[in-house]
Amino acid sequence: MQKVKKRRLQGVGAVLVAGTGYALMSILVKGAFQLGLGPIQVIALQSWIASILLLLYAVFFKREVFIVPLHTLWLLALQGLVGAFGTSLLYAYALMFLPVSVAILLLYLYPALVLAAGVIIWHKKVGRQELVAFLLTLSGTTLASGIFSGVSEVALVGIILGLASAIAYATFNIVGELVLAKVSPLVAMCFTQWVCAIALLFVMKGDVMNIPWQNAQTWKIGILLATVASIIPFYMILLGIERLGADQAAILSTFELPMTFLMAAVFLEEFPKVTQLIGGSLVLGGIFLLNWRSKGEQRNEEAFYQERSD
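Structure representation (C-alpha cells):
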C-alpha cells in the first residue's frame, strides 16, 4: 500500500513539473518569435539542440540507452513521429489559422481521447471520482482558453489542424504507456526526441542554416527551450505516465493552463480574465479531486499495477 502511494505521489509530482515546464515554453516561444523565427524554426531549434544534448549524454554516460529490443523500436518511432513531431507541427500550423485560445482548447481535448483509449485498450474502469475530475478539467480548460471572451472568425482548416494535434498528443500518451512497459523513461525520451529531430530535417529539406545560429540570442532561447521546456518536462511526463497511466497523467497535465496564466502575468504582464481564472480554478479542483483517493481505490490501483507487472 505504501509502495503504491509513493509511486502515485512521484507520478503526480512529475506531471505537475512537466506542466510547469511546458507552460514556460509558451513564454520562451514568444521570445523566439520576437527574434524573427517562424513556428517550424522554433520547433527545429528546440528539437535539434535537445537531441544533440541527449545524444552526448547517452554516448558518454548512458550507453545502455542504445540497447533497445527491435520489436520496441517501431513503437518508439511511432511515438516520436506522430506523438512528438506530429503534435508540434500540427499545433504550430493551427496557430496560423486560429487564435491561441481556440487552438489550445482543441489541443486539450486530448485527455478525453486518452481516457477513452484506456477503457477500450486496457479495459480500465472509470470511477465516478475520475469522471467528475475529468469533467472539471475539461470545463476548466474550456473557460481558461478564453473562447467565451469573444472569438470572431474561426477557419475550418485551423479547427481540423487543432483536432489533429489533439489526436497526435493522445497518441503520444497512449503509445507512451505501451513503450514504458518495455523501456525506461530516459530511453523513451531519447528515441522519441531523435525521431522528431530527424523528421524535422526532412521537413526543412536539410537546410539547418535556415536558423540564425550566428545570433547569440538564438542559442540562449534554444538552450532554454531544449532543457527547461523540453528535456525536463518530456522526461517528467513520461515518468508520470509510467507511474500513473496515460489517462490520469493526461488529466493532471491540464495543470499547464493555470501555470501558463501565472507565468504570462509574471514575465509578460499579461493578466487572465475572470472567466480564465475560474477555469484555472476548476482545473486545479479536478487535479485535487483526482488525487483524493479512498482506501478502496488505493487497493484497486495496487491490484492493477500488480496484474500489469506479472
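For the sequence shown, the residue numbers in numbering that gives the first Met the number 0 are 0 to 309.
Note that beta-carbon positions come from the ideal geometry of N, C-alpha and C, so glycine has one too.
Please read all numbers here as calculations on a predicted model, not as lab measurements.
Check                                                                                                                                   : Outcome
Counting C-beta neighbours from all protein chains within 10 Å, is the total for residue 212 16 or more, i.e. buried, or is it exposed? : exposed
Straight-line CA distance for residue 261 to residue 33?                                                                                : 21 Å
Which class does residue 282 belong to by DSSP, given the choice of helix, strand or coil?                                              : helix
In terms of alpha-carbon separation, which member of 176, 1, 78 and 12 lies closest to residue 335?                                     : Residue 335 lies beyond the range of the chain shown here (0 to 309); nothing can be said about it.
In the structure shown, what three-state DSSP assignment does residue 118 receive?                                                      : helix
If you reduce the DSSP assignment to three classes, tell me which class residue 271 lands in.                                           : coil
Identify the continuous alpha helix (DSSP H) that holds residue 5 and give its terminal residues.                                       : 1-33
Relative to the alpha-carbon of residue 167, which residue among 157, 284, 285 and 88 has its alpha-carbon at the smallest distance?    : 88
Please state whether DSSP places residue 228 in a helix, a strand or coil.                                                              : helix
Tell me the residue span of the alpha helix (DSSP H) that contains residue 246.                                                         : 245-251
Counting pairs of Cβ atoms below 8 Å between the region 108-118 and the region 126-142, do you hit three or more?                       : yes
Would you give the residue range spanned by the alpha helix (DSSP H) that residue 186 belongs to?                                       : 184-202
Grab the span of the alpha helix (DSSP H) containing residue 47 for me, first residue to last.                                          : 38-60
Have a look at residue 246 and residue 252 and give me their C-alpha separation to the nearest angstrom.                                : 10 Å
When we look at the beta-carbon of residue 55 and count the other beta-carbons within 10 Å, is it buried (16 or more) or exposed?       : exposed
Note down the Cα distance separating residue 62 from residue 93, rounded to an integer number of angstroms.                             : 38 Å
Buried or exposed, going by whether 16 or more other CB atoms sit within 10 Å of the CB of residue 68?                                  : exposed
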